[in-house]
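Asker: Just dropping this structure here.
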Amino acid sequence: METKLSELLPHLSSLYYFALQLTGDEEEAKDLVQEAYLKAMRFIHQYQEGTNAKAWLFTILKNQFINRYRQKQRQGASENLDQILSQLDGRLSVAPVVEQDHQEVKEAIEKALMQLSPQARAIIILADMEGFSYQEIAKILDIPIGTVRSRLHRARNQLRKYLIPIATRLGYKV
Amino acid sequence: MTKGIYHPKSPYTPQECEAILMAMEALLDGTATEEQRTFIEKKLEECPYCFEQWQIEKTLRQLLKDYRNKVRVPSALKKAILERIQIECRKEDLENSTKD
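Sequences listed follow chains A and B, in order.
Heads up: the first sequence runs through residues 1 to 174, numbered per our numbering.
Heads up: the second sequence runs through residues 1001 to 1100, numbered per our numbering.
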């Protein structure tokens, strides 16, 4: 049990950040993450050590979020995460506390993310921030892999518009 | 032509640039075919604008990753999770012991 929990806890900040983007509310995000960890521990016997713990946690978090959303809407409709994201208010995004030495970079990224729709933002977070594969993203968002690829390309095109000037100006070299 | 993405002096058409960019993304995402890989390698040698774009692509990803890595989790959250898990475990132990 201890080793398994220690495999799950390193993903806390990833889960918290994604929950923050889904709920747009710090308290709700905290609740959602707590529930996801609790559920994960309840089903820990199903988790195989060494498999992708992060993807598993994200799936649990996603399901918890969908359940909460359905309860709030009082609709029995079987919506998936992608459909729910398309109904969310684009301005919902909450900027987390970020220990960023470069205020300019932080502000540029947050401003750029705010310009994206919740669907586009989610795909950027999953792919470019969390490093999930197309297949894992397809599962989390319940969309086909081909859609992941094309949407990701479109979302990145939008981001490029906002972020290339700052990246070039700062000479941020990799 | 999308402003800010493709260099105005680039020898390629916007459609070609789009295809190059998509292949670059595939390569960085780890989904590129062997064909796409050689295609990009060739472009990086031949076209200085492609090379510049390649650097920008890597930089953008790094910026986003760095940003996410610096997100601070509220300190009480980890504690709350650990406490709730402990309570759950105790409950389970109790249930198991009454079963026996």
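We put the CB at the ideal spot given by N, CA and C, even for glycine.
Given the structure is predicted, the values throughout are model-derived calculations rather than measurements.
With 8 Å set as the bound, which would you pick, yes or no: does the beta-carbon of A:Ser-117 sit closer than that to a beta-carbon of chain B?
Answerer: Output row for A:Ser-117: interface = no.
Asker: Quick one: using the 10 Å Cβ neighbour count with 16 as the cut-off for buried, is B:Glu-1088 buried or exposed?
Answerer: Exposed: under 16 other Cβ atoms inside 10 Å.
Asker: So with CB distances below 7 Å, who are the chain A contacts of B:Met-1022?
Answerer: By Cβ distance, chain A contributes His-153.
Asker: Whole angstroms is fine: what's the gap from B:Gly-1004's alpha carbon to A:Gln-119's?
Answerer: Its pLDDT being 44, under 50, B:Gly-1004 is placed unreliably in this model, and the value from its coordinates should be taken loosely. Using only the alpha carbons, I get a separation of about 23 Å.
Asker: In whole angstroms, give me the CA-to-CA distance for A:Glu-28 and A:Ile-66.
Answerer: C-alpha separation (whole angstroms): 13 Å.
Asker: If we ignore side chains and look at the alpha-carbon of each, how far apart do B:Glu-1041 and B:Ala-1032 end up?
Answerer: If you take the alpha carbons of B:Glu-1041 and B:Ala-1032, they lie about 12 Å apart.
Asker: Once DSSP output is grouped into helix, strand and coil, what is the label at A:Val-105?
Answerer: If DSSP states are grouped into helix, strand and coil, A:Val-105 belongs with the helices.
Asker: What are the residues of the segment 1060–1073 of chain B that lie near chain A, defined by any Cβ-Cβ distance shorter than 9 Å?
Answerer: Answer set for the segment 1060–1073 of chain B: Leu-1060, Arg-1061, Gln-1062, Leu-1063, Leu-1064, Lys-1065, Asp-1066, Tyr-1067, Arg-1068, Asn-1069, Lys-1070, Val-1071, Arg-1072 and Val-1073.
Asker: Of the residues A:Leu-126, A:Pro-96 and A:Thr-23, which one's Cα is nearest the Cα of A:Gln-64?
Answerer: For the residues A:Leu-126, A:Pro-96 and A:Thr-23, the minimum Cα distance to A:Gln-64 belongs to A:Thr-23.
Asker: Give a yes or no on whether 8 Å exceeds the smallest Cβ distance from B:Leu-1044 to chain A.
Answerer: No - not a single Cβ of chain A is within 8 Å of the one on B:Leu-1044.
Asker: When you compare the CB positions of A:Leu-61 and B:Arg-1084, do they come within less than 8 Å of one another, or not?
Answerer: No.
Asker: Kindly confirm or deny that the segment 1–20 of chain A and the segment 1058–1066 of chain B touch, where touching means at least three C-beta pairs closer than 8 Å.
Answerer: Judged by Cβ distances under 8 Å, the segment 1–20 of chain A makes no contact with the segment 1058–1066 of chain B, as fewer than three pairs qualify.
Asker: Just to confirm the assignment, what range does the alpha helix (DSSP H) spanning B:Lys-1154 have?
Answerer: Look at the range of chain B in this structure, 1001 to 1100, and you will see that residue 1154 of chain B is not part of it.
Asker: For B:Leu-1028 versus B:Glu-1057, is the C-beta spacing smaller than 8 Å?
Answerer: Yes, they are a contact pair.
Asker: Okay, do the segment 109–126 of chain A and the segment 153–160 of chain A touch, 3+ Cβ pairs below 8 Å being the bar?
Answerer: Judged by Cβ distances under 8 Å, the segment 109–126 of chain A makes contact with the segment 153–160 of chain A, as three or more pairs qualify.
Asker: Taking 8 Å as the CB-CB cut-off, is B:Thr-1033 touching chain A?
Answerer: It does not: the Cβ of B:Thr-1033 has no partner Cβ on chain A nearer than 8 Å.
Asker: What span of residues does the alpha helix (DSSP H) with B:Met-1024 cover, start to end?
Answerer: B:Met-1024 -> alpha helix (DSSP H) spans 1014–1029.
Asker: When you compare each of A:Gln-73, A:Pro-165, A:Leu-113 and A:Leu-32 to A:Met-129 by their alpha carbons, which one comes out closest?
Answerer: Per the Cα distances, A:Leu-113.
Asker: Which class does B:Arg-1037 belong to by DSSP, given the choice of helix, strand or coil?
Answerer: Here B:Arg-1037 sits in helix by DSSP.
Asker: Checking contacts by CB at 8 Å: is B:Asp-1029 closer than that to chain A?
Answerer: It does: the Cβ of B:Asp-1029 has a partner Cβ on chain A nearer than 8 Å.
Asker: Taking 8 Å as the CB-CB limit, is B:Arg-1084 close to chain A?
Answerer: Yes, contact with chain A.
Asker: Taking only beta-carbon positions, decide if A:Leu-141 is within less than 8 Å of chain B.
Answerer: For A:Leu-141, the answer is no, since every Cβ of chain B falls outside 8 Å of its Cβ.
Asker: Leaving out five residues before and five after A:Ile-137 in sequence, what residues of the same chain have Cβ atoms less than 7 Å from its Cβ?
Answerer: Here the set comprises Ile-123, Leu-126, Ala-127 and Val-148.
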